[in-house]
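S.K.:
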Amino acid sequence: NAGVTQTPKFRVLKTGQSMTLLCAQDMNHEYMYWYRQDPGMGLRLIHYSVGEGTTAKGEVPDGYNVSRLKKQNFLLGLESAAPSQTSVYFCASSYDSQPFFGQGTRLTVV
Amino acid sequence: AQSVTQPDIHITVSEGASLELRCNYSYGATPYLFWYVQSPGQGLQLLLKYFSGDTLVQGIKGFEAEFKRSQSSFNLRKPSVHWSDAAEYFCAVDYRGQGNLIFGKGTKLSVKP
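Just so you know, the sequences run in chain order P and R. Start counting the first sequence at 378; every next residue gets the next number (the working numbering). Start counting the second sequence at 129; every next residue gets the next number (the working numbering).
#1: Can you confirm whether Y153 (chain R), when its beta carbon is compared against all beta carbons of chain P, has any partner nearer than 8 angstroms?
#2: Counting contacts by CB-CB distance shorter than 8 angstroms, is Y160 (chain R) in contact with chain P?
#3: Just the C-alpha distance for Q414 (chain P) and Y472 (chain P), rounded to the nearest angstrom, thanks.
#4: Taking 8 angstroms as the threshold (beta carbon to beta carbon), is F102 (chain R) in contact with chain P?
#5: Does the beta-carbon distance from G190 (chain R) to G481 (chain P) come in below 8 angstroms?
#6: Quick check on N203 (chain R) - is its C-beta less than 8 angstroms from some C-beta in chain P?
#7: Would you verify that the beta carbon of G171 (chain R) is, or is not, closer than 8 angstroms to some beta carbon of chain P?
#8: What ranges does the alpha helix (DSSP H) occupy inside the region 167-217 of chain R, keeping only unbroken runs of at least 4 residues that lie completely in it?
#9: A379 (chain P) lies in the beta strand (DSSP E); which residues open and close that run?
#10: Following the continuous beta strand (DSSP E) through G419 (chain P), name the residue where it begins and the one where it ends.
#11: Determine, using beta carbons only, whether T140 (chain R) and K240 (chain R) come nearer to each other than 8 angstroms.
#12: Below 7 angstroms between beta carbons is the criterion; list the residues of the region 220-237 of chain R that meet it against any residue of chain P, in chain order.
#13: Just to confirm the assignment: which complete beta strand (DSSP E) runs, minimum length 3, are found wholly within the region 433-462 of chain P?
#14: Mind checking the region 439-464 of chain P against chain R and listing, in chain order, the residues whose C-beta falls within less than 8 angstroms of any C-beta there?
#15: At a threshold of 7 angstroms, does Q226 (chain R) count as lining the ligand HEM (C-beta to nearest heavy atom)?
#16: Pop quiz: M409 (chain P) and F451 (chain P) are said to be a contact at Cβ under 8 angstroms. What is the actual Cβ separation, rounded to whole angstroms?
#17: Residues in the region 407-420 of chain P with C-beta within 7 angstroms of chain R's C-beta atoms, listed in sequence order?
#18: Between the C-alpha atoms of Y412 (chain P) and G144 (chain R), what's the straight-line distance to the nearest angstrom?
#19: Given that a residue counts as buried once 16 or more other Cβ atoms are within 10 Å of its Cβ, and exposed if not, what is I230 (chain R)?
#20: Compare the C-beta of Y466 (chain P) with all C-beta atoms of chain R and state if any pair is closer than 8 angstroms.
#21: Compare the beta carbon distance of L257 (chain R) and A193 (chain R) with 8 angstroms and say whether it is the shorter of the two.
#22: What does F478 (chain P) reach in chain R if we use C-beta pairs closer than 7 angstroms?
Here it is, written out as structure tokens:
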């Protein structure tokens, strides 16, 4: 039982490049979330999903897209990376209002 | 909009001293409340949570928190701080009961020997 797994752990992108962050959970949770963490800002919700095939915007959705084609996976995409998207990204899934977090992805856009 | 306030950005305490980290939320009803700890470069570790019932909640590592409805607060306490408690602490609130959290901006704890 791996819980919530994020791939990759670290990535450096050049401005304008695209990439996809993968979040996988093996707990059969309906709800999944993507957050970003910036110094002095706490964690802020980017997008979330309440079930397979559904997505919704969170607090800071601009510049990101998401997909939930399979219940166990929640993908976060950056179509054209910008330096402002340099951050640590956390994925979470939840059951019975209890969130379970992944270990994070540190993304640097240069 | 709902919000979570952690008024102290940085706190320094001596090892062995008591600790209280403050957290206030803005909402009429009682949300679900959480405290997380994060060491540098690490992920989030859940210290404790409050959903309902007894307003004094015990967590891991000797931490406790008290929910006070009248003050919309959920302060974290520890009677005697250890050097290993140095980290950043986040209060978080779930207003909709779906695991969708709103986080405070965090309080960084430093521990003096």
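Positions of the beta carbon are idealized from the N, C-alpha and C atoms, including for glycine.
M.R.: Inspection of the coordinates gives the following:
#1: no
#2: It does; some Cβ of chain P falls within 8 angstroms.
#3: 22 angstroms
#4: Residue 102 (chain R) lies beyond the range of chain R shown here (129 to 241); nothing can be said about it.
#5: no
#6: no
#7: yes
#8: List check, alpha helix (DSSP H) in window: nothing returned.
#9: Premise fails: A379 (chain P) is in no beta strand (DSSP E) and is neither H nor E.
#10: G419 to S426
#11: yes
#12: D222, G225, Q226, G227, N228, L229, F231, G232, K233 and G234
#13: Fully enclosed beta strand (DSSP E) runs of 3 or longer: 442-444 and 450-455.
#14: Cβ contacts with chain R: none found.
#15: The ligand HEM is absent from the structure shown, which contains no ligands of any kind.
#16: 4 angstroms
#17: Interface annotation for the region 407-420 of chain P against chain R: Y408, Y410, G417, M418, G419 and L420, criterion Cβ-Cβ distance under 7 angstroms.
#18: 35 angstroms
#19: For I230 (chain R), the number of other beta carbons within 10 angstroms of its own is at least 16, and it is reported as buried.
#20: No, its Cβ sits nowhere closer than 8 angstroms to a Cβ of chain R.
#21: The question about residue 257 (chain R) has no answer here: the residues shown for chain R are numbered 129 through 241.
#22: G171 and L172
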